[in-house]
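Residue numbers (the numbering used here): 1 to 505.
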Ligand code: NAD
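This is how it looks when you write it as structure tokens:
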């Protein structure tokens, strides 16, 4: 069994089975058996099933309460971000899926007597493997696009926060939906690996290290793998930026869920001419953040607990490394409280440089470094100097900031705001470099859960021409057919040839 504890109080919240490979295989077998019927349903019926589920989620306070208890995050984020995201995702993806999965026709130039229809089929059973930081958003919500595409889904949530997924799974069944179409299996890494061995495609969200293992295994099995991995998102403040708004946005995007967010601000670059003023505005905001054990009913506070103890060790190691190399702690810097709860003060470092680990490796905790630059070109080079590329933010005069943003190496870049692209679910979101493979969101994020069959048929009215064209792809080869092909090639492709054929005027 896996015992799940509250990161805020240490209290035991529940136990879930630590399933072995055989139990995972049983779930996948049930999902496989359920797949043909689910795939055969019209898209509208699959959409209705998701709508019924969404309505129950909205009416069930146990969902955000469980999420708060097991993750330690504020109720505001559990409900106002994760539940809201699930609702918006289902709405927007349901709407987009009509276009994404509609049959398309391609008309060839060469074989003009034919037309080709693109028919999309589901892949079968999709295995979703999720991290602990977003128990809805990066776990059950990842099932929405594969389900709409007609796949069945087996979700393996993180062993650190599996309880919310179980509540959501119960609601799926309570909504009258087929139980084997969306299942949750609990377990540790071994259960995830067993799932990867059996399913027809994988949606993985988590660390780069695990992502590499899963992608390698999917490569061996030749099944698609979508991976949303780590981030080291830069936040750039150009001269002329609205510093008040930049400071507010930096505080939120650095310390949302105590910094345990893949697209959070991981490093801040500020132009030297405005850096003192920015720090004067930024640091008091961070110092004023209200940090406490979250109230599942929704008491007012800003920061809860750190969900996973290892993140506190990363934060402490990065602070020590940065301070040893000349950085200063402007606010925070220590664990908070002496009880069993996992709390670390929101911490800002100034005087950061790129030889510090905090500027190069993912932190994923309540720590953000500030580094100064003199030229915008230098800031661009520094922002792009990373093995990751998930998200980025630029504050500055709108035209200049947008021009800067367009040159960033990043799956998304936001001008004069933060993190909002995650809610633009119409737009594809995928990491560059080691931040990921494939997409979540958008038409791209729907179509990747299908395989395409190109079905070619003859246009009925062009049968005689079709019979002639067929001779070019049939035995016996006829020199006269080749001569026609040769003339056609010159006419179609050789520049200037058609002009030579025309008599001079
Ligand atoms: P993790 O890689 O340790 O674990 C993620 C999941 O993988 C868990 O469910 C775990 O049980 C499972 N797992 C572990 N080993 C496995 C294996 N060999 N085969 C199959 N499954 C296995 O990640 P984590 O610590 O839970 O999450 C934090 C990381 O997730 C951070 O790096 C963060 O940036 C990233 N993340 C990325 C996004 C994104 O959208 N790009 C979103 C959230 C989190």
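Ideal Cβ positions, reconstructed from N, Cα and C, are used throughout, including at glycine.
Going straight from the alpha carbon of residue i to that of residue j, what length do you get?
| i | j | result |
| --- | --- | --- |
| residue 198 | residue 344 | 40 Å |
| residue 455 | residue 173 | 37 Å |
| residue 252 | residue 61 | 25 Å |
| residue 522 | residue 138 | This structure gives no information on residue 522, because the portion of the chain shown stretches from 1 to 505. |
| residue 228 | residue 290 | 31 Å |
| residue 348 | residue 354 | 16 Å |
| residue 109 | residue 203 | 37 Å |
| residue 235 | residue 92 | 28 Å |
| residue 314 | residue 450 | 39 Å |
| residue 85 | residue 95 | 15 Å |
| residue 259 | residue 271 | 23 Å |
| residue 409 | residue 491 | 43 Å |
| residue 23 | residue 29 | 10 Å |
| residue 43 | residue 181 | 15 Å |
| residue 74 | residue 9 | 14 Å |
| residue 297 | residue 65 | 7 Å |
| residue 462 | residue 113 | 6 Å |
| residue 233 | residue 217 | 28 Å |
| residue 207 | residue 487 | 57 Å |
| residue 285 | residue 446 | 40 Å |
| residue 413 | residue 365 | 21 Å |
| residue 115 | residue 470 | 15 Å |
| residue 7 | residue 336 | 13 Å |
| residue 121 | residue 273 | 56 Å |
| residue 338 | residue 225 | 43 Å |
| residue 179 | residue 448 | 24 Å |
| residue 41 | residue 422 | 30 Å |
| residue 427 | residue 324 | 42 Å |
| residue 430 | residue 360 | 20 Å |
Any idea if residue i is buried or exposed, counting beta-carbon neighbours within 10 angstroms, 16 or more meaning buried?
| i | result |
| --- | --- |
| residue 342 | buried |
| residue 135 | buried |
| residue 155 | buried |
| residue 77 | buried |
| residue 269 | buried |
| residue 191 | buried |
| residue 1 | exposed |
| residue 17 | exposed |
| residue 280 | exposed |
| residue 362 | buried |
| residue 59 | exposed |
| residue 151 | buried |
| residue 373 | buried |
| residue 70 | buried |
| residue 320 | exposed |
| residue 478 | exposed |
| residue 144 | buried |
| residue 212 | exposed |
| residue 340 | exposed |
| residue 495 | exposed |
Report back the beta-carbon spacing between residue i and residue j to the nearest angstrom; my notes put them in contact at under 8 Å.
| i | j | result |
| --- | --- | --- |
| residue 506 | residue 293 | Absent from the model: residue 506. The displayed extent of the chain is 1 to 505, so no value can be given. |
| residue 133 | residue 257 | 6 Å |
| residue 481 | residue 472 | 5 Å |
| residue 307 | residue 160 | 6 Å |
| residue 183 | residue 379 | Incorrect: roughly 47 Å between the Cβ atoms, too far for contact. |
| residue 141 | residue 89 | 6 Å |
| residue 277 | residue 243 | 6 Å |
| residue 441 | residue 452 | The Cβ separation is near 20 Å, so there is no contact. |
| residue 282 | residue 241 | Actually they do not touch by this definition, with Cβ atoms about 12 Å apart. |
| residue 63 | residue 148 | With 8 Å as the limit, residue 63 and residue 148 do not qualify as a contact, their Cβ atoms being about 21 Å apart. |
| residue 382 | residue 346 | Going by Cβ atoms, the distance from residue 382 to residue 346 rounds to 23 Å, so no, they are not a contact pair. |
| residue 153 | residue 200 | Going by Cβ atoms, the distance from residue 153 to residue 200 rounds to 11 Å, so no, they are not a contact pair. |
| residue 21 | residue 194 | 4 Å |
| residue 118 | residue 104 | 5 Å |
Going along the chain, which residues of its own chain have a beta-carbon closer than 8 Å to the beta-carbon of residue i, five neighbours each way excluded?
| i | result |
| --- | --- |
| residue 5 | 11, 12 and 13 |
| residue 55 | 175 |
| residue 326 | 351 and 353 |
| residue 397 | 238, 240 and 241 |
| residue 312 | 306, 335, 342, 344 and 365 |
| residue 300 | 290 |
Residues in the same chain with beta-carbon distance under 6 Å from residue i, minus the five sequence neighbours each way, listed in chain order, please.
| i | result |
| --- | --- |
| residue 467 | none |
| residue 415 | 394, 401, 402 and 405 |
| residue 483 | none |
Only counting the same chain, and skipping five residues up and downstream in sequence, which positions put a Cβ closer than 7 Å to that of residue i?
| i | result |
| --- | --- |
| residue 432 | 389, 409, 410 and 411 |
| residue 97 | 43, 148 and 446 |
| residue 435 | 229, 230, 231, 388, 389, 390 and 411 |
| residue 458 | 113, 114 and 466 |
Taking only beta-carbon positions, decide if residue i is within less than 7 Å of chain B.
| i | result |
| --- | --- |
| residue 208 | Here chain B cannot be found, since the structure has a single protein chain. |
ask   = With distances taken from each beta carbon to the nearest heavy atom of ligand 1, which residues come in below 5 Å, in chain order?
value = Here the residues come out as 129, 131, 132, 138, 158, 189, 192, 193, 205, 206, 207, 210, 213, 228, 230 and 262.
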